[in-house]
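Student: In this note's numbering, the protein residues as written are 30 to 287.
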Amino acid sequence: MKSAIFTGKGGVGKTTILSTLSRLLARDGHRVLVIDCDPSMNLAMSLGVPLSQVKPISDTRSLIQESMEAEEEDDHTRHQTELDLHLEDYIMEARDGVQLVVMGTIPFGGAGCLCSSISLVKMLLGYLSTDAHNQDFILIDSQAGVEIFGRGLAREFDASFVITEPTPKSLEVARQSMKLARDLGVKRQILVVNKVEEDGDRRRASETLGADADAICSVGYDRDVVWADKEGDLVLDRAPQAQLISDVMKLKRCMLET
Ligand SMILES: Nc1ncnc2c1ncn2[C@@H]1O[C@H](COP(=O)(O)OP(=O)(O)OP(=O)(O)O)[C@@H](O)[C@H]1O
Ligand SMILES: [Mg+2]
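#1: Roughly how many whole angstroms lie between the Cα atoms of Met132 and Val150?
#2: With DSSP collapsed to three states, give me the class of Ser48.
#3: Would you say Thr134 and Pro85 are within 8 Å of each other, going by their C-beta atoms?
#4: Which ranges does the alpha helix (DSSP H) cover as unbroken runs of at least 4 residues, wholly within the region 159 to 218, from first to last along the chain?
#5: Which residue wins for smallest C-alpha separation from Cys142, given the options Ala234, Arg204 and Ser87?
#6: Three or more C-beta pairs closer than 8 Å, one from the region 151 to 158 and one from the region 34 to 52: is that the case here?
#7: For Ser199, collect the residues of the same chain with a Cβ closer than 8 Å to its Cβ; drop the 5 residues on either side in sequence, then sort them by chain order.
#8: Inspect the CB distances between the region 244 to 259 and the region 277 to 285 and report whether three or more fall short of 8 Å.
#9: Excluding the five sequence neighbours on either side, which residues of its own chain have a C-beta within less than 6 Å of the C-beta of Met30, listed in chain order?
#10: With distances taken Cα to Cα, identify the nearest neighbour of Ile120 among Val83, Ser148 and Ser146.
#11: Taking Asp65 and Asp170 to be in contact with their CB atoms under 8 Å, please state how far apart those CB atoms are, rounded to whole angstroms.
#12: Pull up the distance between the alpha-carbon of Gln128 and that of Leu76, whole angstroms please.
#13: When you compare only the Cα positions, how much space is there between Gly181 and Asp212?
#14: Alpha carbon to alpha carbon, how far is Tyr250 from Pro269? Give it in angstroms, no decimals.
#15: Taking 7 Å as the cut-off, is the C-beta of Val83 nearer than that to any heavy atom in ligand 1?
#16: Answer yes or no: does any C-beta atom of chain D fall closer than 8 Å to that of Thr45?
#17: Spatial neighbours of Thr287 within its chain, please: CB distance less than 7 Å, with the 5 preceding and 5 following residues excluded, ordered by chain position.
#18: Please work out which residues of its chain come closer than 7 Å, Cβ to Cβ, to Asp67, disregarding the five sequence neighbours upstream and downstream, and give them in chain order.
#19: My guess is that Ile46 and Asn223 are in contact by the Cβ rule of under 8 Å, so how many angstroms apart are they, rounded?
#20: Buried or exposed, going by whether 16 or more other CB atoms sit within 10 Å of the CB of Lys208?
#21: For the putative contact between Leu273 and Val254, defined by C-beta atoms under 8 Å, what is the C-beta separation to the nearest angstrom?
#22: Is it right to say Ala140 is buried, meaning 16 or more other beta carbons lie within 10 angstroms of its own, or is it exposed?
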């Protein structure tokens, strides 16, 4: 099983790229499970699952209690049996057979931090990493910014897809993400400059981040993506020939090599 987390500044394209990549992997016959760890819960819609059908794992108080206890004991596998009993209720079938788990949102103003929900996802990851579940790929969509690394969620993951736009602010968040992923022992960093419009965009990224320009993946700015988004549709269905799809195919190869 390969695990990857998608991070980056707000609006850089994490959810668009992850949802497309997960479907391309699933179309090749891989078993792919994606987890939406962003309380904005956009991933379901990006995979063709209506929000009304989403059942977030944070809805279950008993599971949250178990995960907090497991976290205190630093044991994310202790409650496997209990989790097994509940998990099937929370896995949704998305387009192309991608399996989707949604962490959940902030239920009301002043509800507090997301620590307990993130603990629950960590417990879930501990469970999924055992042979019992047998996924080929687990991809995690995260909230904008770097907080997710502070919670240690991606510890020893196989890959971190650091998505950035070619702007100084976005590249700065990418730089922080790369440092924090290294701290957590993430094995491979895949730097993706999205919404590229000219050659200088890659160069800017390589100069700012000190990365070899050839090692940077790029995804072009694509009006088909904007158009599909405005129509509430998915670019893979609305415009399968779109530039973004062929650019994400290259990311698929990176994921397969990881
Ligand atoms: N390559 C692209 N070309 C043009 N528009 C794009 C491209 N990639 C993403 N977008 C657009 O950028 C916007 C943000 O994309 P997306 O929601 O995937 O970003 P995000 O990083 O997940 O955002 P958030 O931080 O809010 O979760 C959307 O309107 C999407 O259609
Ligand atoms: Mg998103």
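Note that beta-carbon positions come from the ideal geometry of N, C-alpha and C, so glycine has one too.
Model, not experiment: these values are computed from the prediction.
Tutor: To lay it out plainly:
#1: Rounded to the nearest angstrom, the gap between the Cα atoms of Met132 and Val150 is 7 Å.
#2: Helix at Ser48.
#3: A contact, by the Cβ cut-off of 8 Å.
#4: Listed in chain order, the complete alpha helix (DSSP H) runs (minimum 4 residues) inside the region 159 to 218 are 176 to 179 and 197 to 212.
#5: Answer by Cα proximity: Ser87.
#6: Verdict: no, contact absent.
#7: Take Ser199, set aside five residues on each side of it, and the residues of its chain with a beta-carbon closer than 8 Å to its own are Gly37, Lys38, Val41 and Thr193, in chain order.
#8: Segments in contact, yes.
#9: Hits under 6 Å: Gln164.
#10: Checked all of Val83, Ser148 and Ser146; the closest Cα to Ile120 is Val83.
#11: Rounded, the Cβ-Cβ distance is 5 Å, consistent with contact.
#12: One C-alpha to the other measures close to 10 Å.
#13: The straight-line gap from Cα to Cα measures roughly 9 Å.
#14: When rounded, the distance between both Cα atoms is 15 Å.
#15: The answer is no for Val83.
#16: Absent here is chain D; the protein component of the structure consists of one chain.
#17: Answer for Thr287: Lys31, Asp187, Ala188 and Arg217, listed in chain order.
#18: The answer, listed in chain order, is Asp170, Ser171 and Gln172.
#19: The distance from the Cβ of Ile46 to that of Asn223 is about 7 Å, consistent with a contact at the 8 Å cut-off.
#20: Lys208 is exposed by the Cβ-count criterion.
#21: Correct: roughly 5 Å between the Cβ atoms.
#22: So Ala140 ends up on the exposed side.
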